[in-house]
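Worksheet for the structure shown next.
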Amino acid sequence: MKRKKILLSAAVAISLLLSFTACSKQEDKSAMANNDTKTEQQMENKDSEMNKDSEMNKDSEMNKDSEMGEVKFTAKDLDGNEQSEQIFKNSKLTVLNIWGTFCKPCVEEMPELGKLSDEYKDKGVQVVGIVADTVDADFNPMDDMITTAKDILKTINVNYVNLLPSKELAEIYLKDIQAFPKTLILDSEGKILREISGSRNLEGFQKEVDEELAKLK
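Positions -24 to -1, 1 to 193 (mature numbering (1 follows the signal peptide of the UniProt record, and there is no 0)) are the ones given, in order, by the sequence shown.
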């Protein structure tokens, strides 16, 4: 069961129970209603609601950065090195990938993130991971899970830094996670600019990153 759970801090009072199937599948699209039974007015109402939701989501994304306070944390990486918010300072953008060793789509997309890391480092973009299931409920490192994570990264030849969750990291970046993988694009202060739910290929990540880079020009 340890591989199916990620327990965040008591301060955020969240316990996430994830199954292998929940991780490996994108959320199913809702079934479309029969268009022949819809009146023109119903269609207009639906379009209006969708536009409103789209505008609200856009506003939420734009306001996310301004809602975050100063980002400060300490954490260890998989090799036991101390890390902090300073890890973000020398990059224009950080692609923060939150994953678990139990999550097949997480592992499958990491070679794409490795390519992104190599191709975009000269553009001021770095990739950093957080391995969600490498600590227990009290944020104590679990050696067996750390070994598993290292073995995965070695097998797929991914070399960017991967962090163990700390209480501060959990409160900042993990508290709203409902499924893995989850990827966040951060600015140089560690503030969230964009959230990406589910896995992506290289082109998908490039599109998301390029859009954020364009805003910095």
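Positions of the beta carbon are idealized from the N, C-alpha and C atoms, including for glycine.
In this text, all values refer to a predicted model and were calculated from it rather than measured experimentally.
Opposing strand residues paired with residue i [DSSP bridges]
i    : result
P157 : Paired residue(s): none; P157 is not in a bridge.
N138 : G105
S60  : T50
N66  : Paired residues: none, contrary to the question.
L72  : V104 and L160
Distance, residue j Cα to residue i Cα
i    : j    : result
K158 : G56  : 23 Å
D119 : A125 : 10 Å
R176 : D114 : 31 Å
I168 : F181 : 16 Å
C79  : K183 : 24 Å
D127 : K191 : 37 Å
K193 : D98  : 15 Å
T131 : Y96  : 22 Å
Which of helix, strand or coil DSSP assigns to residue i
i    : result
A9   : Confidence at A9 is low in this model, with a pLDDT of 39, below 50, so the placement of that residue is unreliable and no value is reported for it.
P117 : strand
A190 : helix
S173 : strand
T124 : helix
Any non-hydrogen atom of the ligand GTP within 6 Å of residue i CB
i   : result
E88 : Ligands in the displayed structure: none, and consequently the ligand GTP is not present.
Residue i and residue j closer than 7 Å at C-beta
i    : j    : result
E61  : F49  : yes
I161 : L92  : no
Q102 : S67  : yes
L150 : P117 : no
A108 : I63  : no
V47  : G174 : no
L129 : V104 : no
Distance between beta carbons of residue j and residue i, contact taken as under 8 Å
i   : j    : result
D53 : N138 : 6 Å
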